[in-house]
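Read in order, the letters of the sequence shown are residues 1 to 182 in full-length UniProt numbering.
Each residue gets a CB set at the ideal place from its N, CA and C atoms; glycine is no exception.
This report concerns only the one structure given below.
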Amino acid sequence: MNFLDIVFIIIITFFLLRGIYRGLVQEVSSLVALFLGFFLANKYWQDVLPYVEKILPPSSWTNVISYFVVLLGVMLGVYIISTILKHILKMAFLGWFDRIAGGSLGLLKAIILCSIMLMIMTSFLPTNAPVLKESKLAPYIHQASTSLSELLPEELKNNFERKKLFWERKWRKTLLPKLENN
């Protein structure tokens, strides 16, 4: 196990425990709040601007404040709804489901983050880089990286695809003896 494996373990553990602690409702609502807040702030900040200008003198800061009023207002609204939903789940004795599903979503986020890290390292580091060669977890995380590589910009994608073949052959030699012994 090397430094990269330790980083992967820390990321996976953090996101898994955070997901279990927060639960699915909070994990999903935080993403929804951010994206919905961003979308609605882009659309409605100018509608809020006249109200802000009644309180503050017009300046470029009133634009910024108007934008953040909408963004934070939407985020607060989603938070209130998610808190109510979380209490309903607890009353229906589904709090355990919320936590398990939250842990699953946290694990998925961690795998995606580790996959992105591995893709970038595979694309930019020289072939046969020791940090990748000596990693015990990289071959497993590589499975998800391959799927995500379709979203890379063309140059990075080509670099990743070229080096991916080298690592797949190298890691196959590492994994096959373990699979055959089981």
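Cβ-Cβ separation, residue j to residue i (assumed contact under 8 Å), whole Å
i	j	result
M119	L152	7 Å
I141	C114	5 Å
K133	K170	7 Å
Within 8 Å, strictly: CB atoms of residue i and residue j
i	j	result
F15	K136	no
T62	L71	no
L107	G19	yes
S147	K157	no
S123	F166	no
V74	A33	yes
A41	Y67	yes
Of the residues the options, the one placed nearest residue i, counting alpha carbons only
i	options	result
A144	K133, K164 and T127	K164
M1	R169, V131, W171 and I141	V131
A138	I116, L40 and Y67	I116
R162	S60, Y51 and L125	L125
Y44	V64, S59 and L56	V64
L76	I6, T13, F3 and F35	F35
I9	E53, I111, P58 and E168	I111
N128	E168, P58, Q46 and G95	E168
G103	L56, V7, L17 and I11	L17
- Message: Within 8 Å, do at least three Cβ pairs link the segment 20 to 29 to the segment 67 to 86?
- Response: yes
- Contact between the segment 15 to 24 and the segment 95 to 103 (3+ Cβ pairs under 8 Å): yes
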